[in-house]
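Residue numbers (the working numbering): 13 to 652.
From the three backbone atoms N, C-alpha and C, an ideal C-beta is built for every residue, glycine too.
Below: the structure, in structure tokens.
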Amino acid sequence: MAKKQFKAESKRLLDLMINSIYTHKEIFLREVVSNASDAIDKLCYLALTDENVGLSRDDFRIRITVDKDARTITVSDNGIGMNKAEMESNLGVIARSGSLQFKNDIPEDKKAEAPDLDIIGQFGVGFYSAFMVSDKVTVLSHRYGEETGAKWESSGVDGYTVEDYEKDDIGTDVIMHIKPDSEEEHYSEYLDSWRLKELVKKYSDYVRWPIRMDVEHYEQQETGETDEDGKPKTKYVAVSSEETVNSMVPIWQRSKSDVTDDDCIQFYKDHFHDQEDPLAVIRVDAEGTVSFKAMLFVPGKAPYDLYTRDYQPGLQLYSSGVMIMEKCADLLPDCFRFVRGVVDSPDLSLNISREMLQHDRQLKIIANNLEKRIKTKLKTMLDEDRDSYAKFWEQFAPLIKYGVVSDYGMHKDLLKELLVYRSSGSDGLVSFDEYIKEMPEKQEKIYYATAESVSRAESLPQAEQVKDAGYAVLYMTDEADTFVVSVLGDYDGKEFCNITSDDLGLESEDEKADTEKKAEENKDLLDFIKDTLSGEVEDVRLSHKLRSYPVCLTTEGDITLEAEKYLKSLPGDQFRDLKAKKILELNGNHRAFGALQKAFETDREKAGAMAKILLAQAKLIADIPLDDPREYTDLVCNLF
Numbered sequence: 013m014a015k016k017q018f019k020a021e022s023k024r025l026l027d028l029m030i031n032s033i034y035t036h037k038e039i040f041l042r043e044v045v046s047n048a049s050d051a052i053d054k055l056c057y058l059a060l061t062d063e064n065v066g067l068s069r070d071d072f073r074i075r076i077t078v079d080k081d082a083r084t085i086t087v088s089d090n091g092i093g094m095n096k097a098e099m100e101s102n103l104g105v106i107a108r109s110g111s112l113q114f115k116n117d118i119p120e121d122k123k124a125e126a127p128d129l130d131i132i133g134q135f136g137v138g139f140y141s142a143f144m145v146s147d148k149v150t151v152l153s154h155r156y157g158e159e160t161g162a163k164w165e166s167s168g169v170d171g172y173t174v175e176d177y178e179k180d181d182i183g184t185d186v187i188m189h190i191k192p193d194s195e196e197e198h199y200s201e202y203l204d205s206w207r208l209k210e211l212v213k214k215y216s217d218y219v220r221w222p223i224r225m226d227v228e229h230y231e232q233q234e235t236g237e238t239d240e241d242g243k244p245k246t247k248y249v250a251v252s253s254e255e256t257v258n259s260m261v262p263i264w265q266r267s268k269s270d271v272t273d274d275d276c277i278q279f280y281k282d283h284f285h286d287q288e289d290p291l292a293v294i295r296v297d298a299e300g301t302v303s304f305k306a307m308l309f310v311p312g313k314a315p316y317d318l319y320t321r322d323y324q325p326g327l328q329l330y331s332s333g334v335m336i337m338e339k340c341a342d343l344l345p346d347c348f349r350f351v352r353g354v355v356d357s358p359d360l361s362l363n364i365s366r367e368m369l370q371h372d373r374q375l376k377i378i379a380n381n382l383e384k385r386i387k388t389k390l391k392t393m394l395d396e397d398r399d400s401y402a403k404f405w406e407q408f409a410p411l412i413k414y415g416v417v418s419d420y421g422m423h424k425d426l427l428k429e430l431l432v433y434r435s436s437g438s439d440g441l442v443s444f445d446e447y448i449k450e451m452p453e454k455q456e457k458i459y460y461a462t463a464e465s466v467s468r469a470e471s472l473p474q475a476e477q478v479k480d481a482g483y484a485v486l487y488m489t490d491e492a493d494t495f496v497v498s499v500l501g502d503y504d505g506k507e508f509c510n511i512t513s514d515d516l517g518l519e520s521e522d523e524k525a526d527t528e529k530k531a532e533e534n535k536d537l538l539d540f541i542k543d544t545l546s547g548e549v550e551d552v553r554l555s556h557k558l559r560s561y562p563v564c565l566t567t568e569g570d571i572t573l574e575a576e577k578y579l580k581s582l583p584g585d586q587f588r589d590l591k592a593k594k595i596l597e598l599n600g601n602h603r604a605f606g607a608l609q610k611a612f613e614t615d616r617e618k619a620g621a622m623a624k625i626l627l628a629q630a631k632l633i634a635d636i637p638l639d640d641p642r643e644y645t646d647l648v649c650n651l652f
């Protein structure tokens, strides 16, 4: 029989598709199975109006058969089938999709009669992915309502043949002759039934029709012989049995009344190979401009590589039950990159290979919806299940905080309600909303302290005045917290106040006047200390904040002490010159200041040593390492 030639454009497309469009050869099975599913969809739809079809939904199936000796894989369906003319138009012209044409030809008033009709193959190129692993493809088909069948065969770009063929059963067989192995590729792996089962589970597990195949397993059988103790000898024998290898209806497609929380949790643990229960399950069934279903999970523990560059975030993306992407990162903002789960939509605009999404409006709508759903779930957990939220915060707090700071604060309004901190007024974590709710009526600011630990923050001298006023202090112990507060600016109209650098606003007018008077009276002493500590502090002042402590370090300007520590910890020297403007504050009512006054009047050298000791003590309180601990020790010892 004379071989027919693909059109020149089709030849180029076929060559491009085999070598370039698909990045993973293993998806060939997904594409052929999807076409088989489409064929069954069409006949199932026809059965709604044609009683002569004689098949119910339970009769439809897809079968995968492997012949290792002949090196063939056959995918069979009992769908609508094709005649010669349809083989010419659908298989002879690449990128012409019969499925898309069928979908477009359904009258609008009839589409409601088939609400679950999801035609997957809309580009007409998926079938040709078979040539990535096959050196010859044969299609045997018998169309419903036709007298005879047809046969299409091709070895690739060289062309194809079409002829009549006697096939008794309605439907289609796609027979792929697998290429011989080469140094670069081991094609024989696809002749292993377990490998094919693995591919079905990965890509086609939720195709609506049962996919059946013979799967080889081993059974222990007696050999008929006995050992020296008279016990029967046994051996393991390979046995094949036909089984349905796909789940068909995914858990996220089932109604909430049919799926318990325990079912969802078990699905998560099995599907994502996690031994721990998730902290939260988020189910979405969205209809509208873009319809989709999703089942998302907040893991109980962060993956070991979550905070590394190697971590690949993303949700599994399905189109009508067929997995399109293993990890679609575009569906999650970076602050929620820890979320795992699946999204399934029939409305996505896919590219020609169905391996990648076209970045379009539908994708953005889904991403925006999921972002809000995740935030709402976390807020509910914060309000109603504080123990679970505390576990979540322990694992994922850095992502929420960096999410506030990143992209010029684009997500700050989304995330600010989720921020929680330890507080001097509570034993547990406190949100900003809860802090404001507990504020005394006369309190005007949200007071916070930055330190490397809660215990360090609790011991800051500047906290005394705030606590004495009956106000709580939030303890911020992460490097990002300073930047979080800076980006937020305020919360619900309440100004943030850093107790180590900002004006606390807690002194009475009489107290301010008394401090200013005392500073004026000791101007020479303060100038002397500033000169003595030249280069180490920006200024020396009498404090408005100190109660029992003799001294403390504060800052002015944008860079705080904690920010300076963080910048110094970064690699490289680009931040070496960025330093906080340190202010040494002295307690004018402390006996140490009295001793300093006397030394200034009688022994300037001793007064200079005392000034250096007080600066060193202020640094130690602020958890700043001393440049020369030995010098500090000598200064203290020389006072005796």
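Nearest-angstrom Cβ-Cβ length linking residue i and residue j, presumed shorter than 8 Å
i    : j    : result
I458 : F540 : Not quite, the Cβ-Cβ distance comes to about 38 Å (not below 8 Å), so this is no contact.
L390 : L430 : 6 Å
G93  : H154 : 5 Å
G333 : D356 : 7 Å
Q455 : T512 : Q455 to T512, Cβ: 19 Å. No contact.
A492 : Y401 : Not quite, the Cβ-Cβ distance comes to about 19 Å (not below 8 Å), so this is no contact.
V293 : I277 : 7 Å
K213 : V257 : 7 Å
Proximity below 7 Å, CB of residue i to CB of residue j
i    : j    : result
A142 : V44  : yes
L596 : V549 : yes
M335 : Y215 : yes
R207 : E254 : no
L203 : K387 : no
V499 : V442 : no
C653 : L411 : Lying outside 13 to 652, the shown extent of the chain, residue 653 is not represented and no answer is given.
D359 : S418 : no
A51  : T184 : yes
K245 : V174 : no
D243 : V227 : Just to set this straight, residue 243 is Lys in the shown sequence, not Asp. Against a cut-off of 7 Å, the Cβ pair of V227 and K243 comes out as no contact.
I569 : K530 : Per the sequence shown, residue 569 should be read as Gly rather than Ile. No, they are not a contact pair.
V552 : L573 : no
Y644 : A630 : no
A48  : I76  : no
D274 : E464 : no
L291 : F408 : no
Environment of residue i [buried if 16+ CB atoms lie within 10 Å]
i    : result
G136 : Confidence in G136 is poor, its pLDDT being 47 and thus under 50, which makes the residue's placement unreliable; the coordinate value appears in the next sentence. When all chains shown are included, G136 counts as buried.
S269 : exposed
D317 : exposed
M144 : buried
Y420 : exposed
F139 : buried
T494 : buried
E196 : exposed
S331 : buried
T462 : buried
M13  : exposed
T160 : exposed
N380 : exposed
L651 : exposed
N64  : exposed
M337 : buried
P452 : exposed
Y57  : buried
K60  : Inspection of the sequence shows that residue 60 is occupied by Leu rather than by Lys. Exposed, by the Cβ-count rule.
Residue(s) in a DSSP beta bridge with residue i
i    : result
C347 : C347 is not bridged to any residue.
E254 : D226
G171 : In DSSP, G171 forms no bridge with anything.
I458 : F508
D79  : T84
C340 : L327
G161 : Y177
H283 : H283 pairs with nothing; no bridge assigned.
Proximity test, Cβ basis, 7 Å: residue i and chain C
i    : result
S216 : The structure shown contains no chain C, having only a single protein chain.
| request: Indicate whether the contact test is met: 3 or more Cβ pairs, each with one atom in the segment 439 to 451 and one in the segment 619 to 627, closer than 8 Å. | output: Not touching, per the Cβ criterion.
| Cβ contact check for the segment 343 to 356 and the segment 304 to 314: 3 or more pairs under 8 Å | In short, these stretches touch, since the Cβ pair count reaches three.
| request: Taking 8 Å as the threshold, find out whether the segment 73 to 91 comes into contact with the segment 181 to 198 through three or more Cβ pairs. | output: Yes: the two stretches touch, three or more of their Cβ pairs being nearer than 8 Å.
| said: Below 8 Å, how does it come out for the segment 285 to 298 and the segment 245 to 262: are there three or more Cβ pairs, yes or no? | reply: At 8 Å Cβ cutoff, the stretches do not touch.
| request: Evaluate the contact criterion for the segment 555 to 564 versus the segment 594 to 610: three or more CB pairs, one atom per stretch, below 8 Å. | output: Segments in contact, yes.
| query | Taking contact to mean at least 3 C-beta pairs separated by less than 8 Å, is the segment 477 to 490 in contact with the segment 426 to 441? | reply | Yes, the segment 477 to 490 is in contact with the segment 426 to 441.
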